[in-house]
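Numbering (this note's numbering), first residue to last: 42 to 325. Note that beta-carbon positions come from the ideal geometry of N, C-alpha and C, so glycine has one too. Quick caveat, the model's predicted, so the values are computed rather than measured.
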Amino acid sequence: MRKIIFIFLILSAAQLILAEGEGEEKKDTLWTPKGVVGINLSQVAFSNWSQGGENTLAYTFFTLFGLDYIGDPWKWNNSLKFAYGRTKFGDQGYRTNDNEIFFESTLIHHVGWAASPYAGITARTPVSKGFNYEVTPEVQIVDFLDPFNLTEAVGFIYDQLPNFSTRLGVGMKQTWADQFAETYSDDPDTPNEIETFRNETGIESVTEYTIDFLENMNFYTYLRLFGRFEDLSVWDVRWDNIITAKVNDYISVNFNVLVIYDVNETLKTQLKEALQLGISYTLF
42 MRKIIFIFLI LSAAQLILAE GEGEEKKDTL WTPKGVVGIN LSQVAFSNWS
92 QGGENTLAYT FFTLFGLDYI GDPWKWNNSL KFAYGRTKFG DQGYRTNDNE
142 IFFESTLIHH VGWAASPYAG ITARTPVSKG FNYEVTPEVQ IVDFLDPFNL
192 TEAVGFIYDQ LPNFSTRLGV GMKQTWADQF AETYSDDPDT PNEIETFRNE
242 TGIESVTEYT IDFLENMNFY TYLRLFGRFE DLSVWDVRWD NIITAKVNDY
292 ISVNFNVLVI YDVNETLKTQ LKEALQLGIS YTLF
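Here is the structure:
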């Protein structure tokens with residue numbers, strides 16, 4: 042089921058983007074496509090170095106696609122993010138350090154109120170196999186669509202300020218898993234059975250903001266919260282922060298801090314911090 046949903050979401054987004062690129066004469070000016078592909082790099086190399094150290098190489102391939110419809114009274118925002126990265130320390134093999142596909146679609150109907158009604162979905166899955174490298178031997182903990190998270194929500198959004206929006210709604214969150222169901226989708230209240238599907242209802246809150254500063258720098262932040270009705274004292278958190286310094290049309294320096302807390306994955310707060318040189322190309 043999750044494979045059908047994931048393929049449908051990807052094909053729908055691709056069809057919309059490709060339809061907008063068929064010809065300038067057919068293009069609806071209310072549609073704004075966006076597409077960026079690139080790679081972030083970090084490397085340290087030593088040769089006959091008396092002060093110690095190990096060679097390291099880290100890279101992350103990424104794509105950012107978007108398609109926004111800004112009309113009156115309807116507004117529809119779509120975004121698809123792909124990131125896959127690996128790191129190599131010395132003579133050790135490559136290790137996966139970035140591994141995610143994240144899709145978000147939000148349909149808004151402006152009715153003249155301060156806050157407008159919206160309906161939205163988000164989907165998240167690993168790109169490929171991921172491992173826990175803190176144990177020996179390493180243990181696989183994720184795979185493509187295992188787990189697969191899907192959230193649907195309806196509520197109200199405030200988007201009257203430039204580059205800022207915040208929304209609050211009631212949502213449902215589904216989690217599918219197979220090989221790793223015991224970690225991500227299992228119900229601890231049924232010890233004699235391992236569930237491969239979990240559905241939860243709760244409150245969704247999403248805040249997004251971006252600002253340009255200095256001559257060539259940009260700050261972007263995205264905060265998503267999901268609290269289950271069964272226990273609103275514990276909230277899932279996804280807080281993504283990116284500072285980008287643009288060197289030229291193709292090269293930039295990126296500083297990214299991503300904080301994730303999801304009780305279905307681990308009781309510990311997950312943190313990723315990366316300072317990298319990026320090479321990117323804007324498709325449209």
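Are there 16 or more other CB atoms within 10 angstroms of the CB of P188, so buried, or fewer, so exposed?
The count along the sequence shown starts at 1 and reaches residue 188 at position 147. Classification of P188: buried, given that the 10 Å Cβ count is 16 or more.
Roughly how far, in whole angstroms, is the beta-carbon of T97 from the beta-carbon of K129, given that I think they are within contact range, below 8 Å?
On the sequence shown, residue 97 is found 56 positions in, with the first residue counted as 1. On the sequence shown, residue 129 is found 88 positions in, with the first residue counted as 1. Indeed, because the Cβ distance is near 7 Å, the residues count as touching under 8 Å.
Looking only at DSSP bridge pairs, what is A99 linked to?
The count along the sequence shown starts at 1 and reaches residue 99 at position 58. Paired residue(s): S83 and T128.
Just to confirm, are N140 and S120 a CB contact at a threshold of 8 Å?
To locate residue 140, count along the sequence shown from 1; it is residue 99. To locate residue 120, count along the sequence shown from 1; it is residue 79. Result no, Cβ atoms of N140 and S120 do not sit closer than 8 Å.
For G64, which residues in the same chain have their Cβ closer than 8 Å to its Cβ, ignoring the five residues on either side in sequence?
Reading the sequence shown from its first residue, position 23 is the one you call residue 64. Only weak support is given to the placement of G64: the predicted model assigns it a pLDDT of 46, under 50, and the question is left unresolved by the model.
For chain B, check one thing: does any of its Cβ atoms lie closer than 8 Å to the Cβ of K75?
Checking the listed chains, one finds no chain B in this structure; it contains a single protein chain.
Excluding the five sequence neighbours on either side, which residues of its own chain have a C-beta within less than 6 Å of the C-beta of D200, listed in chain order?
Sequence index remark: in the sequence shown, residue 200 carries index 159 (1-based). Correct list, in chain order: S206.
Proximal residues to D184 (C-beta, below 6 Å), its chain only, five neighbours per side dropped:
Counting from one through the sequence shown, the residue named residue 184 turns up at place 143. Answer for D184: K170, listed in chain order.
Under three-state DSSP, which class holds A155?
Residue numbering aside, residue 155 sits at position 114 when the sequence shown is read from its first letter. It is coil, neither helix nor strand.
Where A31 sits in the DSSP three-state scheme
In the structure as shown, the chain starts at 42 and stops at 325, and residue 31 therefore has no counterpart that could be examined.
Whether or not the segment 250-261 and the segment 217-227 are in contact is what I'm after, with contact meaning three or more pairs of Cβ atoms, one per stretch, closer than 8 Å; do they touch?
no
CB L324 to CB V78, shorter than 8 Å?
As a first step, residue 324 must be located in the sequence shown, where it is residue number 283. As a first step, residue 78 must be located in the sequence shown, where it is residue number 37. The answer is yes: Cβ separation under 8 Å.
Opposing strand residues paired with T73 [DSSP bridges]
Within the sequence shown, numbered from 1, the residue matching residue 73 stands at position 32. Bridge partners of T73: D109.
Assigned exposure category for E66 - 16 Cβ within 10 Å defines buried
Position 25 of the sequence shown, counted from the first residue, corresponds to residue 66. With a pLDDT of 44 at E66, under the threshold of 50, the predicted position of this residue should be treated as unreliable, though the coordinate-derived value follows. Looking at its Cβ environment, which holds fewer than 16 other Cβ atoms inside 10 Å, E66 is exposed.
Cβ-based burial, K309 [other Cβ within 10 Å; buried from 16]:
As a first step, residue 309 must be located in the sequence shown, where it is residue number 268. Looking at its Cβ environment, which holds fewer than 16 other Cβ atoms inside 10 Å, K309 is exposed.
Is the beta carbon of T231 sitting closer than 8 Å to the one on Y250?
Numbered from 1 along the sequence shown, position 190 holds the residue referred to as residue 231. Numbered from 1 along the sequence shown, position 209 holds the residue referred to as residue 250. Not closer than 8 Å, so no.
Pair within 8 Å by beta-carbon distance, T163 and T137
The sequence position of residue 163 within the sequence shown is 122, counting from 1. The sequence position of residue 137 within the sequence shown is 96, counting from 1. Not closer than 8 Å, so no.
To the nearest angstrom, how far is the alpha carbon of F238 from that of S293?
By one-based count along the sequence shown, residue 238 stands at place 197. By one-based count along the sequence shown, residue 293 stands at place 252. Answer to the nearest angstrom: the Cα atoms are 41 Å apart.
Assuming F296 and L316 form a contact by the criterion Cβ under 8 Å, report the distance between their Cβ atoms to the nearest whole angstrom.
Along the sequence shown, read from residue 1 onward, the residue named residue 296 stands at position 255. Along the sequence shown, read from residue 1 onward, the residue named residue 316 stands at position 275. Rounded, the Cβ-Cβ distance is 5 Å, consistent with contact.
With 16 other CB atoms within 10 Å as the buried threshold, where does G131 fall?
Numbered from 1 along the sequence shown, position 90 holds the residue referred to as residue 131. Result: exposed.
Counting pairs of Cβ atoms below 8 Å between the segment 108-126 and the segment 150-163, do you hit three or more?
Yes, since at least three Cβ pairs between the segment 108-126 and the segment 150-163 fall closer than 8 Å, the two stretches touch.
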